[in-house]
Every structure is written in structure tokens, then in C-alpha cells.
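*Asks:* First the structure, then my questions, so here it is.
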């Protein structure tokens, strides 16, 4: 209510500023008309005095000349009758239209239900969010349960045996590397992150950026994408080793987005989705950058990803069967090679599934669909894209 009271007072002040000159114009026109009547009456009075011999002819002539000059000046004064300033009604109409247009503009562009958010207060709130984040353990406990994995019984038995062995071999670097890998394969990301942490500790100064990247990714996966204070410490080590690391830049942007600094997240992610090759982290950035841009007040749509599109395939309809098949096969082979070597976004995988469906190679489409489910199992948004593609290709079942 305080906002609307202040807005009402300010609107009234502005309206008075606009309307007063209009009313004053009307008053000026009335004054000019009154002057004409006065000077006309004075000329008549001069003629009467002259007729009664009260006024000397020479004096009468001088008085007549002066009054006539003033009468001409009064007649030449501008009049606004019939336009703005003609009446209080016109001024009132201008005021109502101005107030209505202002209110409509605010209701369209503004946010009446949003409380005041001074910049200093927002920055302080963001810092408070960052300082009071849940711990890694708390985030892992709150993370949703992932879809189950059904590996062969022999594989599970081997992993279980490795789990039992490793506590008695705290310095077995290769053993911890294997445990981290297999726990991740089973989507036990919390356990995988712990094992990878052992790997980094055992390597010490010999640990490379890839070791830290893997630990950071596993911690984020275990925490449903959130960056805990413990994960931020690993992130900082990775940035110190390799400031331009794509994974580090993605996770840093995620941290800022989670602490209500979408503006910084947008600045960090935009070069990733526009300039960097498609991969796991750029795919994650692409899926979230629209939200970051909206929070930053930026109207932004990420560029299209590379690879054969539905339009490419449609354009092939005018070719001969042999040429069309060759073109589609070349595009599919190129995309397959890139996904195998560089990775790619869910949209890339979806296009590859659809392309194999178009080619009638449902067996290969099914294999790619199965692999994509493993790669993007922890990402519901990506899975929705892939399910749609698999359904279109006829391999969803």
C-alpha cells in the first residue's frame, strides 16, 4: 500500500505540472479578450469627450492614437479557444489519459506484486545465501533417488568385493580409481565422489586438472547439481590449475545461479554455449542459460547446435535416392564421430536417434537410445528431449 500511496502522490504532482500550463493558456485568452473590450470602450469615451468639448482636439488625437495602438496589440494576442486550454474539461481529459497510460505501462512492464529490491539488499541476500549453503552431506541426503541400474550379477559382485577391499588398502591409488569409476557407473555418485577424493589426495601435487574435474562433477551429481561449500573448494583448486577449464566455468556459473546472481551466471555461460564445442558441461549450460538471462533481465536465446536437423533431412527429398542416402549417412557419420570423441548435448543425441530412425536402422537407433539414457540419466530435462526423439524413431519401448 505504501508503494501505491507514493505513486499516487507523485502522479498527482506530475499531473498538476502538466495541466496548469493548459489552464493558464485559457486564462491568457480570456485576459486578451477583456483588454480588447476595455480599449474599445476607451475609444468611445474619447469620442464622447471630444463631442462635449471636454477634450482638446490635439489631446484627443494623441489619446486616440495611443489607445488604438494598444487595441491592435490586444487583437494580435494568440487565442487557444477550442484547443488545449479551452476549458477545465479538456485539461482534465489530458490528465486522465496521461494517468491511464502510465498505469497501463507499469502493469505491463512492471511487477506490482514484487517487493522493493534495492541493489545493496539483493547483493547482501546473495552473499547470505552463499555463506549459509547446506553441506555436501546435507545436499546428498536431500537429492532425489536416481533411476535404478540393473547390471549383471557378476559385475555387482565384483564391485562389492572391491568396496570391501579398499578400506584395508588406503594407499592403493589404482584401487581407488577403479572404485570411483565403477561407483559412478552404478550411479552411486556420493560414493564415487569420496573415492575420487581419495585419488586426488593420494596424487597430491601430481593431481591434474582432469582429476579435480572428475571429483567436482561427481560431487555435483551427488548433490543434484548444487555446489556445496566442499565442492566449491574443489572448484577453486580447479580454477587455480586451469582458469579456462570448461567444467569449472560451468560449475562456477551454477553456483552463482543458485545464489541469485543470474547476471554473473549468464556472463560465464554465454561464451560456453556460443564459442565452445558441444559437450556435457556446455549442454548443461545451454539448458539453464535462459533462466540465468531472465534473472539478469536479458532477452536471450542460445544459438542452434550443430548437426543434421529435420530441415536438412527435408531438403534431401528433392535428391535422388542414392544422393539422399549418401548425404544423410555422411551427416549421421559426422555427428556420430563427434559424439564419440567430443561428447554432445541431449539435442545432438536426439537428432542422431531420429536420423537413424529415418534411415530405417532401428537397431542402431535403439543402441544410441540405450547409451543416451546412461549418459543423461541424472538430467530430467535432457531425458524428456531424448524420450521424444526415441518415440519419434520408434525405439522408445
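In my numbering, the protein residues as written are 211 to 607.
A virtual CB, placed ideally from N, CA and C, is assigned to each residue, including glycine.
This structure is a prediction, so every number in the text was calculated from the model and none was measured.
In this structure, does DSSP put residue 352 in helix, strand or coil?
*Replies:* Helix, per DSSP.
*Asks:* Leaving out five residues before and five after residue 504 in sequence, what residues of the same chain have Cβ atoms less than 8 Å from its Cβ?
*Replies:* Only 472 meet the Cβ criterion.
*Asks:* Can you tell me the Cα-Cα spacing of residue 264 and residue 222, whole angstroms?
*Replies:* Going by the C-alpha atoms only, they are around 58 Å apart.
*Asks:* Under the assumption that residue 422 contacts residue 448 (Cβ atoms under 8 Å), give the Cβ distance between them as a whole number of angstroms.
*Replies:* Indeed, because the Cβ distance is near 4 Å, the residues count as touching under 8 Å.
*Asks:* Below 8 Å, how does it come out for the region 388 to 396 and the region 360 to 370: are there three or more Cβ pairs, yes or no?
*Replies:* Result yes; three or more Cβ-Cβ pairs closer than 8 Å.
*Asks:* Please identify the residue among 357, 441 and 484 whose C-alpha is closest to the C-alpha of residue 349.
*Replies:* Residue 441 is the option with its Cα nearest to residue 349.
*Asks:* Count Cβ pairs between the region 481 to 492 and the region 451 to 470 that sit closer than 8 Å; are there 3 or more?
*Replies:* They touch, by the three-pair rule.
*Asks:* Could you tell me whether the region 402 to 412 touches the region 427 to 445, where touching means 3 or more Cβ pairs closer than 8 Å?
*Replies:* Yes: the two stretches touch, three or more of their Cβ pairs being nearer than 8 Å.
*Asks:* Look up residue 404 in the DSSP assignment and say whether it is helix, strand or coil.
*Replies:* Of the three classes helix, strand and coil, the one that applies to residue 404 here is helix, per DSSP.
*Asks:* Distance, Cα to Cα, residue 439 vs residue 417?
*Replies:* Rounded to whole angstroms, residue 439 to residue 417 spans 21 Å at the Cα level.
*Asks:* Beta carbon of residue 166, beta carbon of residue 256: below 7 Å?
*Replies:* Limits of the chain in this structure are 211 at one end and 607 at the other, which puts residue 166 out of reach.
*Asks:* For residue 596 versus residue 543, is the C-beta distance shorter than 7 Å?
*Replies:* Contact flag unset, no.
*Asks:* Kindly list the residues whose CB is nearer than 8 Å to the CB of residue 277, restricted to its own chain and excluding five residues on each side of it in sequence; keep chain order.
*Replies:* Taken in chain order, the residues that qualify are 249, 252, 253 and 256.
*Asks:* Ends of the alpha helix (DSSP H) at residue 460?
*Replies:* Note, residue 460: alpha helix (DSSP H), 456 to 468.
*Asks:* Can you tell me whether residue 390 is buried or exposed? The criterion is at least 16 other CB atoms within 10 Å of its CB, across all chains shown.
*Replies:* Buried, by the Cβ-count rule.
*Asks:* Counting only the same chain and skipping the five closest in sequence on each side, list residues whose C-beta sits under 7 Å from that of residue 346.
*Replies:* Excluding residues within five positions, the ones whose Cβ falls inside 7 Å are 429, 433, 438, 440 and 441.
*Asks:* Once DSSP output is grouped into helix, strand and coil, what is the label at residue 418?
*Replies:* Here residue 418 sits in coil by DSSP.
*Asks:* Following the continuous alpha helix (DSSP H) through residue 450, name the residue where it begins and the one where it ends.
*Replies:* Unbroken alpha helix (DSSP H) run through residue 450: 439 to 451.
*Asks:* In terms of alpha-carbon separation, which member of 506, 605, 493 and 581 lies closest to residue 554?
*Replies:* Minimum Cα distance to residue 554 is reached at 493.
*Asks:* Taking 7 Å as the limit between beta carbons, can you name the residues of its chain near residue 586, skipping five residues before and five after?
*Replies:* Excluding residues within five positions, the ones whose Cβ falls inside 7 Å are 556, 592, 593 and 596.
*Asks:* Does the Cβ of residue 426 have 16 or more other Cβ atoms within 10 Å, making it buried, or fewer, making it exposed?
*Replies:* Its Cβ being crowded by 16 or more others within 10 Å, residue 426 is buried.
*Asks:* Put residue 555 into one of helix, strand or coil per three-state DSSP.
*Replies:* Looking at residue 555 - three-state DSSP - the assignment turns out to be coil, as it is neither helix nor strand.
*Asks:* Could you pull out every residue in the same chain whose Cβ sits closer than 7 Å to the Cβ of residue 496, ignoring the five residues on either side in sequence?
*Replies:* Correct list, in chain order: 483, 512 and 555.
*Asks:* Assuming the contact rule is C-beta atoms closer than 8 Å, residue 572 and residue 605 should be a hit. Round their C-beta distance to whole Å, please.
*Replies:* Confirmed, about 6 Å.
*Asks:* Label residue 227 either buried or exposed according to how many other C-beta atoms from any shown protein chain fall within 10 Å of its C-beta, with 16 as the threshold for buried.
*Replies:* With fewer than 16 other Cβ atoms within 10 Å, it is exposed.
*Asks:* Cβ of residue 332 within 7 Å of Cβ of residue 469?
*Replies:* The answer is no: Cβ separation not under 7 Å.
*Asks:* Alpha carbon to alpha carbon, how far is residue 217 from residue 549?
*Replies:* Cα-Cα distance, rounded: 57 Å.
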